[in-house]
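There are 2 protein chains.
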Amino acid sequence: MPKVTFHPDEVTVEVERSVTLQAAAKAAGVELASICGGDGICGRCRLIIKNGNIDAAPTTLLNRHEVQRGYVLACQTKVLGDVEVEVPPETRAEEGQILIDIDAQRFRALYQEEKVSFRHEPLVQKLYLELTPPSLQDNLGDEQRLYREIRRRREIPIMQTGLKVLQALPKLARQHQWRVTATLGWRGGTVEILQIEGGDLSENNYGIAVDIGTSTVVAHLLDLKTGGMMDAEAMYNSQRAYGEEVTRRILYAERGGLEQLQKTVVNDVNNLITALVARNKIAQHDCWAVLCAGNTTMMHLLLGLGPASIRRDPYVSSSTAPPPVRAAEVGIQINPRGLLYCLPAIGGWVGGDVTAGILATGLYESDTTVMLIDVGTNGEIVIGHKDWMVACSASAGPAFEGSGVKCGMKASRGAIERVQIAADGHLIYKTVGNAKPKGICGSGLIDLVAGLFEAGLVDRSGRLLPEASPRIRTHDGLSEFVVVPAQRTGTGKEIVITQADIENLLRAKAAIYAGALILMKSLALDFDDIDRVFLAGGFGNYLDREKAITIGMIPDLPLEKTRFVGNTSVIGAKLTLLSQEALEKSYEIAKNVTYYDLISFPHYYEEFLAAKFLPHTEIERFPSVQERLNAQGVKALTPSPSPVLTDGRGGLKAG
Amino acid sequence: MPKVTFHPDEVTVEVERSVTLQAAAKAAGVELASICGGDGICGRCRLIIKNGNIDAAPTTLLNRHEVQRGYVLACQTKVLGDVEVEVPPETRAEEGQILIDIDAQRFRALYQEEKVSFRHEPLVQKLYLELTPPSLQDNLGDEQRLYREIRRRREIPIMQTGLKVLQALPKLARQHQWRVTATLGWRGGTVEILQIEGGDLSENNYGIAVDIGTSTVVAHLLDLKTGGMMDAEAMYNSQRAYGEEVTRRILYAERGGLEQLQKTVVNDVNNLITALVARNKIAQHDCWAVLCAGNTTMMHLLLGLGPASIRRDPYVSSSTAPPPVRAAEVGIQINPRGLLYCLPAIGGWVGGDVTAGILATGLYESDTTVMLIDVGTNGEIVIGHKDWMVACSASAGPAFEGSGVKCGMKASRGAIERVQIAADGHLIYKTVGNAKPKGICGSGLIDLVAGLFEAGLVDRSGRLLPEASPRIRTHDGLSEFVVVPAQRTGTGKEIVITQADIENLLRAKAAIYAGALILMKSLALDFDDIDRVFLAGGFGNYLDREKAITIGMIPDLPLEKTRFVGNTSVIGAKLTLLSQEALEKSYEIAKNVTYYDLISFPHYYEEFLAAKFLPHTEIERFPSVQERLNAQGVKALTPSPSPVLTDGRGGLKAG
């Protein structure tokens, strides 16, 4: 039997011929990173073949250079003889690491399917220029000579140059025979020459697109020259220590904590950048642009802008479209002269992350009516098409992000991301990375509640029915359902879902559904008028749309009209980082969307209460669910009187 | 007899009734500043009447507020009874102080005579804004609200805001009920919001126009709101310690001294600003703009740009039109967010000071052909009218600025500024401030050489003729002419002009004349085609145009065609500081002037040698001089063979 040796672990295992390296690693107890679980689409399980006989399937996830250096994907490589492999540091599975969407793929998919495409004109560009040397006949100053050549290549009405660049130019140009690389940064209608270097250094130009969520910060590294997606990294937003909800952080900022909050999120962004830079062996000073999308408050905290007025009538921000600034000015560690961009917000409670979503899904240029639901700690809903758009925000709370739920967690390794309750009452589940379960992430929670409902283990008000299953028990006076017993988890603690958890989830889904409904009503539209529903959010890699309909989170429309589009905030951030045209479009979008404040709709609270049932008080609004329940022989239980466990604010943001 | 008491000197003198306070001060031994010597036009001899009976002539040089506080001009005020006066610190005559032109007056004169007028739109403006408070219906972000209001008042396509300003805005606007003052700075096609303050603080907005000459730095303080000229101050350029000539300083910079040279001139500018700010009791942080005019090298040294390429074929600069930068970035001490502007240069050897001159004299829009001669350490000549302009630079050397001449000095107190040689051989002279003579300034030197020539004391080659006067003697083997014997000077040392001095002056005037001639020839023009000659420079308050013609420095045109226009560099600097329109015009001018490099004209050196005579080898080129000499019975002495004391470079700049 062939032997496989893993370095630097110095572990050797014997495996059957044709077994994958991933299986060999598992056998050897070497944990490898993986998001897709072996489908060959995430590109995380990279190994380096030192020597030996293997059969590696072709993949687009490794570039030519990497293949030449011996890189393979463990899950796509079969062992044919004795093999020695090296596990590079980036392939180590890390405990607690958040697994991000393969947005690069989704990104391409959107490009193709939705025809969202913009000119490739990154916000920071490096131009290699061969200047004509001066002569008595052509005695333009060095700066003007540089400008002339740039303008031959790009149409730039207003150019700006800092003194440092100007001071460096004369010597540099002459030392390099008038061959220089100019780094040009787009600054809202003007272009700044950020740097001049000698020779052709236009290759190395990187940017980072960041989605700063209330709970999670996701960063994607892009090659600005080619537009290629290089890598991604995510982590929890460390500001959570100052409050899970947006309003708590605004209060903290108002009480003198603004600087602390800014430092905290800047530190998160820096940590992500450091990881990306190190892993991809690029120089930090070759990173020239950071583009952030996030809700309005997150952008304020990033820039150190006081967010106090966002939570007070009339809920205005310091700036809906903050200008590009030098990244170093807020402490972000890229090239000291590199730029930081923030996507423009629509209003105080509908931020640049939603603008990004509208851009990424192509909603703004759709001929038919589209609904975009972006589920995060707040749920934002946009309805519209190319002629009009309206948006609102509903405070869902962080339940779908795995917070405020007893065994909830982010979509990281060991999180239960899919659940099915089998006919015999047994649970079938899948975890992220196929690891031992540690908790349940957003998509798993949706599956679980839908499953409990379809299996008749909860009634329509979400109440657990103890008589229906031995897994339902009472603990500290509260009902709970045992999802995974202690002996089968990765933590040694059992995984449960409590009555309070279910209430939280119902509140969250009700806030979103009611928001969508109010928006529809105010437009005198019916759900049937909606041609497509885009469901966006950082749930993980997967979301069962049917289950989302089952619990009444999204309207009951044919599945083919509904699509899970992943983290559109970071997708939009990438689009704009790679295209001035896209960024300009985002400004236009942000201006053109009408912002509805749910607080000014008196019926919102009523609708919210009505939506707190499974799938809804009026089940006829969800005919497909009704049909399925009937087919499965589950009687649509009459709701027991609402326990009204809400906080009395009806999911509205704190005013 | 009335008594006059001077405070804080505590000196009392008795004077005749109707005597001026100036005369009383003189009698009391109290030295007062004065440029005009008692003509009531310089406004420097300001005193404060504490009590007593006086008769003060009306003057425009004191404003209403000052008159109310008791200010008078000493030379325009007669004593009618016992008087107590206070001598304010600014009125003290200082040793070594450079006396500047009353450019404010010349400035007005130009405005009226030449119709050089631009819209009043200072480069930095303060706008008081009353913003509409936000509401649910009008929920624009704070920044966008501010922009909207500014755009209601000003047409600004592109606005930029720094993070600091943005961070301050929300709190400030709310604390001051949305009434704020925005400081707007023009930055080449865009406008930056430099500062936001609460309430109406639009009153206090000052700027400084600076002429950075190779030898002298002159600063004028302006009220940017009203456009009023407030005060002026001048000093030697301390860079002189690193070389009198431009080329020497370029060499020093090339050898690692750039930073030192920058610090030196920045320190000079700061000293001038400090003096102006202190004397006018304004706050340094209310100074928002500094606009500098100077030759190309001076601007490079100010900005820390390497000037090496200026002195090498093809003589190009790092930047002919440096962008506005934050003044603090080069160390200039105004408001830390205030801006520094430099006037655009025409070429490596024709700088922004000449652009300023073209602007200030209105040459660029003249219907008739104008020649502008700007005499400094380099002499620049511009010929043209509204359809075309050409310019060149001739290295005159600093002789006319009083350097490189044994007893030469700047036009400061005690400098002989006018000289006449009487029929009996006695000298009549006038010093700046009517003080005891200490040396001779540019205008005095021109008078002196012209006088020596007309009196037959030098021949046409400039050689002193010992037999012609007992004042001519030999010292260390070199002839010299005694101007003032030791016992009558302010220093106890005699004042002389040496043969070498005369050679230096002839070289300087020849360089200028030859430059003008070459320019004319290359245009196929004759001097008769010139309709006006503007003679500019920091000679002092006075220049005898006839004497300048006598020595052959400027072409022999009718006096009414010739005008001394003073320091047009600082006048142009003021015009542009007060008007974006003027600054934009200066960019246009700098681009439109064709730069002729004298080095590329093989006949320049010949013309230079021919011009080294008095007034010229071909005296028929100066018919008015010939006529005057004939009338005075001075025979036009045949030149002796040229002693050729030149340095062999023919006054060309060092290549």
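These protein sequence lines map, in sequence, to chains Z and P. Quick note on this note's numbering: the first sequence kicks off at 1 and runs consecutively. Quick note on this note's numbering: the second sequence kicks off at 1001 and runs consecutively. Here a beta-carbon is modelled for each residue, glycine too, at the ideal position from N, C-alpha and C.
Mapping the DSSP letters down to three states, classify Z:Arg17 as helix, strand or coil.
Three-state result, Z:Arg17: coil.
Starting from Z:Gln175, follow the alpha helix (DSSP H) in both directions and report where the run begins and ends.
From DSSP, the alpha helix (DSSP H) with Z:Gln175 extends over Leu163 to Gln175.
Out of curiosity, what's the CA-to-CA distance linking P:Val1015 and P:Ile1049?
Linking P:Val1015 to P:Ile1049 through their CA atoms gives a straight-line distance of about 16 Å.
Compute the Euclidean distance between the alpha carbons of P:Thr1355 and Z:Leu343, then round it to the nearest angstrom.
Looking at the two C-alpha atoms, the distance is approximately 43 Å.
Let me see if you follow: with CB-CB separation under 8 Å, is P:Gly1000 close to chain Z or not?
The displayed coordinates of chain P run from 1001 to 1655. Any statement about residue 1000 of chain P would go beyond what the structure contains.
Residue-chain proximity (Z:Ala321, chain P), Cβ-Cβ < 8 Å
By this cut-off, Z:Ala321 is an interface position.
For chain P, check one thing: does any of its Cβ atoms lie closer than 8 Å to the Cβ of Z:Thr161?
For Z:Thr161, the answer is yes, since a Cβ of chain P falls inside 8 Å of its Cβ.
Nearest-angstrom Cβ-Cβ length linking Z:Val218 and Z:Ala234, presumed shorter than 8 Å:
Between Z:Ala234 and Z:Val218 the Cβ distance is about 4 Å, and since that is below 8 Å, they are a contact.
Who are the Cβ neighbours of P:Arg1187 in its own chain at under 6 Å, not counting the five residues just before and after it?
Cβ neighbours of P:Arg1187 beyond the five flanking positions: Pro1324.
As a quick exercise: from Z:Gly456, Z:Glu618 and Z:Pro398, pick the residue whose alpha carbon is nearest that of Z:Ala423.
Nearest to Z:Ala423 by alpha-carbon distance, out of Z:Gly456, Z:Glu618 and Z:Pro398, is Z:Gly456.
Counting only the same chain and skipping the five closest in sequence on each side, list residues whose C-beta sits under 6 Å from that of Z:Cys392.
Only residues of its own chain outside the window of five on either side were considered, and among them Ile381, Gly515, Leu519, Tyr596 and Leu598 have a CB closer than 6 Å to the CB of Z:Cys392, listed in chain order.
If you pair each beta-carbon of the stretch 390-407 of chain Z with each one of the stretch 191-208 of chain Z, do three or more pairs fall below 8 Å?
Short answer: they don't touch.
Cβ-based burial, P:Gly1228 [other Cβ within 10 Å; buried from 16]
If you draw a 10 Å sphere on the C-beta of P:Gly1228, you find fewer than 16 other C-beta atoms in it, and that means exposed.
P:Leu1140 to P:Gly1572, Cα distance in whole Å?
If you take the alpha carbons of P:Leu1140 and P:Gly1572, they lie about 42 Å apart.
For Z:Trp288, count neighbouring C-beta atoms within 10 Å of its own C-beta (all shown protein chains included) and say buried if the count is 16 or more, exposed if not.
Buried, by the Cβ-count rule.
Nonlocal neighbours in the same chain, by C-beta distance under 6 Å from P:Met1001, ignoring five residues either side:
Excluding residues up to 5 positions away in sequence, Glu1014 lie with their Cβ nearer than 6 Å to the Cβ of P:Met1001 in the same chain.
Quick one: measure Cβ to Cβ for Z:Val290 and Z:Ala327, integer angstroms, because I've assumed they're closer than 8 Å.
Approximately 5 Å separates the beta-carbon atoms of Z:Val290 and Z:Ala327; this is inside 8 Å, confirming the contact.
Specify, as a first and last residue, the run of the alpha helix (DSSP H) that P:Ser1522 falls within.
Counting along the chain, P:Ser1522 sits inside the alpha helix (DSSP H) bounded by residues Gln1499 to Ser1522.
Which residue's Cα is closest to the Cα of P:Phe1400: P:Arg1507, P:Ile1358, P:Ile1383 and P:Gly1070?
Nearest of P:Arg1507, P:Ile1358, P:Ile1383 and P:Gly1070 to P:Phe1400, Cα basis: P:Arg1507.
So for P:His1426, helix, strand or coil by DSSP?
Coil at P:His1426, not helix or strand.
Apart from the five residues on each side of it in sequence, which residues of its chain come closer than 8 Å, Cβ to Cβ, to Z:Leu363?
Excluding residues within five positions, the ones whose Cβ falls inside 8 Å are Gly357, Val370, Leu372, Val382, Gly384, His385, Met389 and Phe534.
Compare the Cα-Cα distances from P:Leu1127 to each of P:Pro1615, P:Val1180 and P:Asp1082 and report the closest residue.
Checked all of P:Pro1615, P:Val1180 and P:Asp1082; the closest Cα to P:Leu1127 is P:Val1180.
Residue ranges of each alpha helix (DSSP H) within the stretch 1524-1591 of chain P, 4 or longer:
Unbroken alpha helix (DSSP H) runs of no fewer than 4 residues, entirely contained in the stretch 1524-1591 of chain P, are found at 1545-1550 and 1568-1577, following chain order.
Starting from the beta carbon of P:Ile1158, find every residue of chain Z whose beta carbon is closer than 8 Å, and list them in chain order.
Those within 8 Å of P:Ile1158 in chain Z are Ile158, Gly188, Gly189 and Thr190.
Sort out for me which residues DSSP pairs Z:Cys392 with in a bridge.
Answer is Z:Ile381.
Tell me, please, whether the stretch 1488-1504 of chain P touches the stretch 1402-1416 of chain P by the rule of three or more beta-carbon pairs shorter than 8 Å.
With the cut-off at 8 Å, the stretch 1488-1504 of chain P and the stretch 1402-1416 of chain P touch.
Suppose you measure from the CA of P:Pro1555 to the CA of Z:Gln175; what does that come to, to the nearest Å?
For P:Pro1555 and Z:Gln175, the distance between alpha carbons rounds to 45 Å.
Can you round the beta-carbon distance between P:Thr1020 and P:Lys1078 to whole angstroms, since I take them to be within the 8 Å contact cut?
About 6 Å separates the CB atoms of P:Thr1020 and P:Lys1078; that is less than 8 Å, so the two are in contact.
What residues from chain P crowd round Z:Pro170, counting only those whose CB sits closer than 8 Å?
Residues of chain P with a Cβ closer than 8 Å to the Cβ of Z:Pro170 are, in chain order, Leu1305, Gly1306, Ala1308, Ser1309 and Ser1318.
Using a beta-carbon distance cut-off of less than 9 Å, what residues from the stretch 1193-1211 of chain P approach chain Z?
Within the stretch 1193-1211 of chain P, no residue qualifies.
How about Z:Gly294 and Z:Gly213: are their beta carbons less than 8 Å apart?
Between Z:Gly294 and Z:Gly213, the C-beta gap is smaller than 8 Å, which places the two residues in contact.
What does P:Ser1135 touch in chain Z if you count any residue whose Cβ is under 8 Å from its own?
Close to P:Ser1135, with beta-carbon spacing below 8 Å, are these residues of chain Z in chain order: Pro314.
Pairwise C-alpha distance: P:Ser1117 and P:Leu1578:
Using only the alpha carbons, I get a separation of about 11 Å.
Exposure of Z:Ser135, with buried meaning 16 or more beta-carbon neighbours within 10 Å
Per the 10 Å Cβ criterion, exposed.
Report the residue from Z:Leu303, Z:Val316, Z:Ile208 and Z:His285 whose alpha carbon sits nearest the alpha carbon of Z:Asn335.
Residue nearest to Z:Asn335 within the set Z:Leu303, Z:Val316, Z:Ile208 and Z:His285 is Z:His285 (criterion: CA-CA distance).
Would you list the residues sitting across from P:Ala1415 in a DSSP beta bridge?
By DSSP's assignment, P:Ala1415 forms a beta bridge with P:Gly1439.
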